Structure formats: structure tokens, C-alpha cells
Amino acid sequence: QPWWKANFFVREPALFGTWDGVFTSCMINIFGVVIFLRTGWMVGNAGIILSMVIILITLGIALITVLSTIGICERTRIGSGGVYFLLSHVLGRRWGATFGVLYCFGQAVGTALYITGFSESLAGVFRTENIWIIRLTSTLTLLVLLAIVLAGVKWVIKLQLVLLGLLGLAVVDFVLGTFIHKDTNAAFGITGYKLETVINNTWPHFQPGQSFSTVFGVFFPTATGVMAGVNMSGDLKNPGKSIPTGSLTSLAVSGFLYLLFAILLGSVCTNDALVSDYLIASRVSWITVLFLIGLYISSLSSCFGGLYGAPRVLQKIALDDVVPILKNLSKGRGPNKEPWLATLIIGLLSFVFILIGHLNTLGPIVAMPFMITYSAINYSYFALAMSYDKQQEIQQERTIWHDTEDDSWKSLNEVERKNKSVMSSYYSPSVPLPKQASIDRKEYGTLSHQATYSKQDGVKITINDDGQTDEKRNNKIEDSLSDDKKSKNFNGHADIQEEAIGDDDDDKQQLLSQNKTTEGIKNLL
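Position one of the sequence shown corresponds to residue 38 (my numbering), numbered consecutively onward.
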């Protein structure tokens with residue numbers, strides 16, 4: 038195919054792994070514009086100690102939510118739909134749709150916040166504070182990002198890998214700058230590492246109108262990216278493995294960087310500079326241009342979480358037809374079923390909040406929908422875990438071991454059993470289970486019945502019950518006989534396999550090749 042199609046258009050479904058999918062998406066969304074533009078402001082108001090408390094609380098909320106998400110994924114079938122998928126499987130589709138729409142609203146406002154942060158920092162470089170210039174820049178940026186997202190998920194992931202590398206260089210540049218810049222930058226409020234500076238910034242110096250809760254509200258949006266890996270569950274090769282590993286690793290790395298930024302800024306900058314200069318971190322950095330590139334990248338890359346993940350949640354809600362007004366959002370395009378219409382809706386909602394045009398105003402608005410959604414996820418896991426543990430206790434009580442008095446039994450009807458009966462969570466098997474019969478629990482609570490019968494004349498028959506409901510069982514009779522093994526599926530509740538290890542195989546083969554009932558097998562034996 039032509040090179041432009043091979044390189045610029047997605048022609049086949051793209052599936053990703055732990056590091057190129059979940060870890061990259063989470064890091065890009067977690068380590069966002071707030072770190073670069075508001076960490077110094079947070080330290081200037083709350084001090085180093087309370088800033089660390091705010092960071093740890095934020096990380097704690099994010100960690101609990103990630104662990105709850107992992108717990109739900111381990112006990113349910115993982116599919117597409119992100120947050121809606123998790124909640125609908127536990128609380129039902131209606132509750133799942135309610136919190137799913139709220140989550141998408143938060144993602145749209147978060148996208149507006151990140152784009153506004155980008156435009157605000159860009160305006161600071163050109164030394165202008167005109168609000169309409171910031172809004173115009175934000176609008177143009179939103180249009181460019183929408184074009185990238187609509188080009189396909191493959192391009193989003195490729196671009197994120199490049200952005201993550203540049204973001205890492207910006208972090209290294211900042212750390213090196215704290216050791217290089219000393220009294221030469223005193224005009225910007227940079228003192229270098231001094232004990233006096235650390236002591237002065239240790240305790241809070243809240244500005245008028247600011248408090249612990251307001252500062253926390255501005256910083257909390259940094260935790261909104263932890264669900265980025267879950268939202269792309271439909272585009273992962275192995276979501277059951279990739280989501281836990283990628284999410285926890287990205288949260289640990291970003292948490293370390295949060296604390297590092299807060300401590301270093303509080304150690305080398307005066308309190309006045311931290312509060313008044315939103316770009317103080319760029320003054321501290323060694324190569325300002327490189328740091329600004331990282332700042333712009335973090336601003337733009339964080340937008341992908343809202344413009345990529347939220348439309349897929351809306352698309353899944355629309356496909357399930359839970360909210361009739363959203364039914365048309367189920368339309369997809371391309372091999373990955375890109376939700377182009379839902380993406381445009383999220384973009385339009387982001388544009389509305391871009392008109393507000395201030396980072397400190399959008400921060401608390403972003404925090405509330407995510408706090409509510411994370412609480413719902415945590416409750417869902419609590420409810421699921423309680424019911425799952427209770428189900429495990431009930432199933433353990435049903436586990437029965439059967440034995441026989443005579444090892445040389447001749448037929449199933451002659452087996453002497455105990456008074457206990459074998460029960461499944463769905464049905465009781467019609468085939469008796471003598472000698473060495475056991476019930477093994479399958480994952481997610483279904484039961485598997487296994488019974489092994491041995492005979493001294495050399496025939497060994499294994500009856501294996503898969504624990505499925507009658508509606509799901511295959512009622513077709515399949516015959517696959519070979520010289521050494523023969524297997525047959527019956528309309529009953531058992532799959533019967535025979536391993537020929539003796540001389541009586543001819544009679545058994547003749548019977549198994551016919552459409553016999555379970556009672557017929559019992560009479561033969």
C-alpha cells in the first residue's frame with residue numbers, strides 16, 4: 038500500500054501492552070501541567086510539610102481507587118468501557134451510566150484545565166496576561182488535539198511515547214538546575230540550597246482567600262490520570278495483566294516526582310517568589326527552553342486522557358442504550374471503532390470551560406466529579422468483595438469428597454456413597470460421582486465437577502463437568518475417536534472422555550460412538 042496510508046492512517050486494530058499502553062498513558066496524564074505551574078504556588082501557601090501531606094492524601098486516594106479497580110478486574114470479565122464497565126458490572130448499568138457520564142464531564146473539564154494551563158504558560162513567556170489571547174490560544178490548541186485523536190489510537194500512543202521521553206528530559210533539567218543556579222538568580226527569588234530558605238518555607242503562609250482545602254482542590258487534578266489505563270482496556274492485548282502493573286508503576290513514579298518537586302522548590306526559592314511567579318520552576322531549571330518544552334508537553338499530553346478515554350466511555354454507554362439521549366454516540370469509525378461523534382461532544386464541552394480561562398477556577402471544578410467517581414469505584418469493590426467472599430464460603434461448604442468401599446467395583450450403580458449430595462451453583466449433575474470425586478472452584482465462583490473412575494480390567498473413564506448453565510451448554514454431540522483416546526459430549530451435564538488402556542476397548546468404543554444417554558453408560562459399566 039502507498040507509504041502515506043501505511044504511516045498516517047490506521048487500517049487494522051491496534052493493541053498495546055503494559056508499558057506502551059497503560060504506563061505511558063497514565064504517566065502522561067498524571068504528571069501534568071499542575072506539577073509545573075502550581076507546585077511552587079502550593080509550597081508557597083501550604084509550606085513544605087502541608088504540601089507533602091496534600092501530595093500523600095492525593096496519592097492515597099488514587100492508590101485506593103487503583104487497588105479497587107484491580108480488585109474488580111480480577112473478579113469480573115474485562116471489556117471496553119473503562120469506568121462505566123467497572124461500575125455497571127457491580128452496581129448495574131443505570132448506576133454505571135450515571136457515574137460514567139459524571140466521569141466524562143470531569144474529563145472534559147480537565148481537558149479545558151490542561152489546555153488553559155498550556156495557554157497561560159505560553160502567554161507568560163510572551164509577557165502578556167490578556168485573557169482573550171489565552172482563550173484564543175486554547176481554542177486553537179483544542180482543535181489540533183481533536184485532529185490528532187480522530188486520526189486514530191495508534192497515532193495517540195506513538196505521540197505519547199515521544200512526549201514521555203521529552204517530559205523525562207525536562208524533569209532531569211529541573212533537578213540539575215537546583216544545583217547550578219544559586220545567588221546569580223536572586224532577582225527571581227532563587228537562593229540555592231540554604232537552611233534559612235528551607236526553614237522559612239517549612240510552615241504555611243496562606244495568602245488571603247486561600248486555605249488547605251482550596252490548595253488541595255487545585256492540586257488534586259493531578260490524580261485524575263490514574264484511570265487512563267482502564268479507559269483503554271478495549272485496546273490492550275492483556276488488560277488483566279497490563280492494567281495493574283502499568284497503573285501501580287506509574288502512580289509510584291509520579292508520586293516520587295511530586296514529592297521531589299515540592300521539596301526542591303521549597304529548598305531553593307523564597308516564599309514570595311513561590312506565591313507570585315507561576316513559572317518559578319522554569320527559572321530554577323538549567324536549560325529554560327528544555328523545561329518549557331516539558332511544560333508544554335505535559336499540558337498537551339494530559340489532554341489525551343479526556344479526548345481519548347472519555348469518548349470511549351460515552352460510546353459504551355450509548356451501545357448499551359442505558360441513556361436514550363446518548364444513543365447516537367455509539368457510532369464508531371475505523372478498525373478500532375473510533376468514537377468520533379463522542380469525541381466531538383467532549384471537545385465541545387471542553388471549549389465551554391475554556392471560556393472560563395483560569396487554572397485556579399477550573400481546578401476545584403475538576404476535583405468534584407473525580408472524587409465522586411472514585412468513591413463509587415471504591416464502594417463497588419467493597420460490595421463485590423463482600424459478596425464474593427460470602428459466595429466462596431458457601432461453595433466451600435459444598436465441596437465433597439466421595440470414596441468407595443470396594444476398589445474393584447463393576448458399575449456406577451453399585452457404588453456406596455455418603456448421604457451428602459453434590460450440588461452446583463447452577464444445577465446438580467445427572468451422573469453420579471463415586472470414588473475420588475471432587476468439586477473444584479473455578480475463578481469467579483463457578484464450580485467444576487471432576488470424577489475419576491478406575492477399573493481393574495484396564496478401562497479408565499473421566500467424567501468432567503464444567504459448571505456451566507444448561508442454556509450455555511453445547512447440545513451437539515461431537516465424536517472425536519482415536520486409537521488411544523475417545524471423547525464424547527452428551528445432552529446431559531457431563532463431558533465423558535475414555536482413555537483406552539486395556540483390552541476391552543472395542544465394546545467401549547462401540548457404545549461411545551453412538552448417541553447414548555448417561556444412563557446407558559451407567560448400564561454398560
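We put the CB at the ideal spot given by N, CA and C, even for glycine. Values in this document were obtained by computation on a predicted structure and should not be read as measured data.
Length of the line joining the Cα atoms of residue i and residue j
i, j, result
"S279", "V321", "36 Å"
"Y140", "P361", "18 Å"
"Q302", "G147", "Sequence inspection shows Leu at residue 302; the Gln mentioned does not correspond to that position. Computed Cα separation, rounded: 25 Å."
"Y315", "L128", "43 Å"
"V208", "D426", "44 Å"
"A260", "G202", "21 Å"
"I72", "I431", "49 Å"
"W109", "K374", "The question names Trp, but residue 109 in the sequence shown is Ile. Straight-line Cα distance between these residues: approximately 25 Å."
"L206", "F68", "13 Å"
"L332", "V70", "6 Å"
"T15", "V252", "The shown model of the chain, from 38 to 562, leaves out residue 15, and the question about it has no answer."
"D57", "Q197", "9 Å"
"Q352", "C340", "18 Å"
"I409", "F136", "8 Å"
"L288", "I91", "15 Å"
"G277", "G400", "32 Å"
"T307", "S336", "26 Å"
"T398", "T215", "30 Å"
"G292", "A265", "16 Å"
"A422", "F122", "17 Å"
"E111", "A413", "18 Å"
"R349", "R75", "30 Å"
"S62", "V305", "32 Å"
"S88", "G154", "20 Å"
"A99", "V263", "7 Å"
"I107", "T55", "14 Å"
"V359", "F257", "30 Å"
"A310", "F225", "7 Å"
"A149", "S319", "23 Å"
"K497", "L344", "At K497, the pLDDT of 37 sits below 50, so the modelled position is not reliable and the matter cannot be decided from this model."
"S313", "K274", "47 Å"
"I115", "V267", "10 Å"
"T234", "I85", "11 Å"
Residue burial classification, residue i (beta-carbon count within 10 angstroms, cutoff 16)
i, result
"W78", "buried"
"A184", "exposed"
"Q144", "buried"
"L124", "buried"
"V255", "buried"
"Y230", "exposed"
"D357", "buried"
Chain D contact for residue i (CB, 9 Å cutoff)
i, result
"F253", "Absent here is chain D; the protein component of the structure consists of one chain."
According to DSSP, residues forming a beta bridge with residue i
i, result
"C306", "I227"
"E375", "R370"
Endpoints, the alpha helix (DSSP H) within which residue i is located
i, result
"K353", "A347 to L356"
"N365", "Per DSSP, N365 belongs to no alpha helix (DSSP H) and is neither H nor E."
"W78", "V70 to R112"
"R172", "I168 to L187"
"M264", "Where M264 is concerned, there is no enclosing alpha helix (DSSP H), given that its DSSP letter is neither H nor E."
"W240", "Segment: none, W240 is in no alpha helix (DSSP H) and carries neither H nor E."
"T325", "T325 to S338"
"F249", "F249 to F256"
"I317", "I317 to V321"
Three-way DSSP call (helix, strand, coil) for residue i in this model
i, result
"L196", "helix"
"L392", "coil"
"L273", "strand"
"R164", "coil"
"L128", "helix"
"S62", "helix"
"K525", "Low confidence applies to K525: its pLDDT is 38, below 50, so where it sits in the model is not reliable, and the reading given next is rough at best. DSSP places K525 in strand when its eight states are reduced to three."
"G246", "coil"
"G54", "coil"
"D210", "helix"
"V359", "coil"
"I115", "coil"
"D426", "helix"
"Y463", "Reliability fails at Y463, whose pLDDT of 33 lies under 50, so the model's placement of it is uncertain and the value that follows must be treated cautiously. Coil, per DSSP."
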